[in-house]
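Heads up: the structure comes next, in structure tokens.
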Amino acid sequence: MTTRTRFAIILITAPVLAFALVGGLLGKTMGGQDTYPHLRVFDDVFSLTTGNYVEEVDVDRLMHGAMHGLADALDADSAYLTAEQTALLQSGADAGPADVGLDLTRQYYLRVVAAREQSPAARAGLQPGDFIRAIGTKPTREMSVWEGMRLLRGAAGTSVKLVVLRGNAAEPHDVELTREVAPPAPPAARLLRPVIGYVRLAEFADGTAGALRSAVTQLQRDGARALVLDVRGTARGPLQTGLESARLFVPAGTLAILESRNEARRTVSAASGDGAIAMPLAVLTDFGTAGAAELFVAALTANKRAETVGERTQGRAAIQRLFPLPDGGGLWMSHAWYLTPAGTAIHERGLQPDVPVPQPDVEFGTPVPPGDQALDKAVERLASRLAS
């Protein structure tokens, strides 16, 4: 082992230990485990690698790879950030006011959670589940969700190229998208049948609960006695906005449970005056239902206020914060998450529908077939409830 390598090992020992203590090694919690044997193995692997690899190892590159690997073993939303990325996050510098309408997660590559309605990504045909193998000239194989989402943002009118892979297709597709500033997406309501209303919730934002109340009130005036709530592909908005909207329909009971490592569980409950809307409900979900929308769905279903129709949701219900590291880098880590009212995990598990209705598989570039089986099934079940 060269003198340079030995000196480098001494310099990086402190950051490695800090990282291991903060984030856990290989995604395992430290409770009840002896961490030190793992750290000794890590030291052995590092020494063997730097001393025996076929050529001299770039120590900085090796350590950055180890840091990324540790964070990747936690969950899809946690990430090791370089010193430059950490400085950007701490400064609050905006990557730009416009984007292409994608929400991402990680699964080998970056993967599409949802494409916002009428966004550049949706118009180009991107769908939940598509893999993004590259953004511009950067492969996403070792890219964090944080970095990927930042790269998708920029000035309105600028473009970004994506390499997209769908399903088992052998060849990826090159897609160029032009960034746009996303307009507000308030709840959109209409009557499906004389007594069944429909509300599309494309996002959960500040003011969504009030707008939803107004939309449903108008549907009731128009004669609606049951309601379909569509949160398919709905992945945007602060988590608490989903719970605020759920209060409209849940008169009593637990809405969610907030759990963190170092604090007692906190129960979020319905309050006096909640539950003003008492009509029967069906909620449409799919793989693109994430975040605030999942908390909304979990609160309604656990309190027997709605039946879900469609597909399993994404499973994103965690809250991240930055843990600075001694070398200037940082760990962007999930430090708390919401559970269902029954105390079961949502994050990285999702919510199973009461009535499964799979979405049709569509090849890239092929139009989606007409019809909406999930919506038809939801209307059918609500009509049956009203008739009984």
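So the number in the numbering used here is just where the residue sits in the sequence shown, counting from 1, plus 26.
Where a beta carbon is used, it is the ideal one built from N, C-alpha and C, also for glycine.
{"Asked": "In angstroms, rounded to a whole number, what distance separates the CA positions of E320 and G174?", "Found": "23 Å"}
{"Asked": "Residues in the same chain with beta-carbon distance under 7 Å from M415, minus the five sequence neighbours each way, listed in chain order, please.", "Found": "Since the first residue shown for the chain is 27 and the last is 414, residue 415 is missing from the structure and cannot be characterised."}
{"Asked": "Which one of L274, A148 and V186 has the shortest CA to CA distance from K164?", "Found": "V186"}
{"Asked": "Would you kindly check if the distance between the Cβ of V276 and the Cβ of T311 is under 8 Å?", "Found": "no"}
{"Asked": "Can you name the residues that DSSP bridges to K187?", "Found": "E202"}
{"Asked": "For V207, count neighbouring C-beta atoms within 10 Å of its own C-beta (all shown protein chains included) and say buried if the count is 16 or more, exposed if not.", "Found": "exposed"}
{"Asked": "Specify the secondary structure class of R411 as computed by DSSP and reduced to three states.", "Found": "helix"}
{"Asked": "Could you name the residues that DSSP lists as bridge partners for M359?", "Found": "R347"}
{"Asked": "Verify whether the separation of the beta carbon atoms of A99 and A105 is less than 8 Å.", "Found": "no"}
{"Asked": "Buried or exposed, going by whether 16 or more other CB atoms sit within 10 Å of the CB of D86?", "Found": "exposed"}
{"Asked": "In three-state DSSP terms, what is L281?", "Found": "strand"}
{"Asked": "By DSSP, does E197 sit in helix, in strand, or in coil?", "Found": "coil"}
{"Asked": "Less than 7 Å between C-beta atoms, sequence neighbours within five positions excluded: which residues of the same chain meet that for L47?", "Found": "With a pLDDT of 39 at L47, under the threshold of 50, the predicted position of this residue should be treated as unreliable, and no value is reported."}
{"Asked": "Mind the definition here: the segment 372-380 touches the segment 348-364 only if three or more C-beta pairs lie below 8 Å; say whether that holds.", "Found": "yes"}
{"Asked": "Taking the alpha-carbon positions, what's the A148 to A141 distance?", "Found": "5 Å"}
{"Asked": "Would you decide whether V323 is buried or exposed? Buried here means 16 or more other CB atoms lie within 10 Å of its CB.", "Found": "buried"}
{"Asked": "Does G77 come out as helix, strand or coil in the three-state DSSP assignment?", "Found": "helix"}
{"Asked": "Less than 7 Å between C-beta atoms, sequence neighbours within five positions excluded: which residues of the same chain meet that for R287?", "Found": "H361"}
{"Asked": "Assess, as a yes-or-no matter, whether the segment 187-204 is touched by the segment 334-354 under the definition of 3 or more beta carbon pairs within less than 8 Å.", "Found": "no"}
{"Asked": "Looking only at its chain, what residues have a beta carbon closer than 6 Å to the beta carbon of L245, apart from the 5 residues adjacent to it on each side?", "Found": "A215 and G223"}
{"Asked": "Quick one, which of T339, R159 and V242 has its alpha-carbon nearest A196's?", "Found": "R159"}
{"Asked": "Please report the distance separating the alpha-carbon of V394 from that of V388.", "Found": "6 Å"}
{"Asked": "Run through DSSP, which three-state label would A147 get?", "Found": "helix"}
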